[in-house]
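One structure below.
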Amino acid sequence: MQKISAFHNGCLRRICRIFWPERISNEDLYKNTNCRNVVLEIKQRKLQWLGHVLRMDQNCIPKVALRWTPPGKRKQGEAKNNLAENCDLGTENGKPNLGRGTTCCTG
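Under the UniProt record's numbering, think of the first position of the sequence shown as 1, with each following residue one higher.
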């Protein structure tokens with residue numbers, strides 16, 4: 001996510017013609033361009049998608065895929081996660097927090 005954020009900020013700086021000797025904070029950059037932090041935007045869209053999927057019927061493909069864990073062995077060093085754990089929206093006691101209390105910081 002840090003690389004995506006750095007690329008996005010670099011593109012905004014080029015669009016605004018802010019080059020190396022000039023220094024401007026990211027917050028000022030977002031105010032000048034009327035943009036949001038791309039990481040927060042991605043997290044918010046993930047939450048919206050999860051809310052959409054969690055409201056679906058139990059037998060819908062996206063909801064089944066959310067909890068599905070591939071069978072068999074995994075490669076050495078590769079995490080054995082399902083799609084819900086890969087969403088990276090915060091954890092509570094080692095388990096993903098996907099219930100109704102899920103919130104997102106939208107600074």
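The beta carbon of each residue, even a glycine, is placed where N, CA and C say it ideally should be.
As the structure is a prediction and not an experimental result, all values here were calculated from the model.
Exercise. According to the Cβ coordinates, are Ile-4 and Val-53 closer than 8 Å?
Worked result: no
Exercise. Quick one: is the Cβ of Val-64 within less than 7 Å of any heavy atom of the ligand NAP?
Worked result: The ligand NAP is absent from the structure shown, which contains no ligand whatsoever.
For this session: Please list, in chain order, all residues of the same chain as Lys-73 whose beta carbon is under 6 Å from its beta carbon, the five residues on each side excluded.
Result: none
Exercise. Three or more beta-carbon pairs under 8 Å between the region 44–61 and the region 23–30, yes or no?
Worked result: no
For this session: Might you give, ordered along the chain, the residues of its own chain that have their beta carbon closer than 6 Å to the beta carbon of His-8, omitting 5 neighbours on each side?
Result: Val-38
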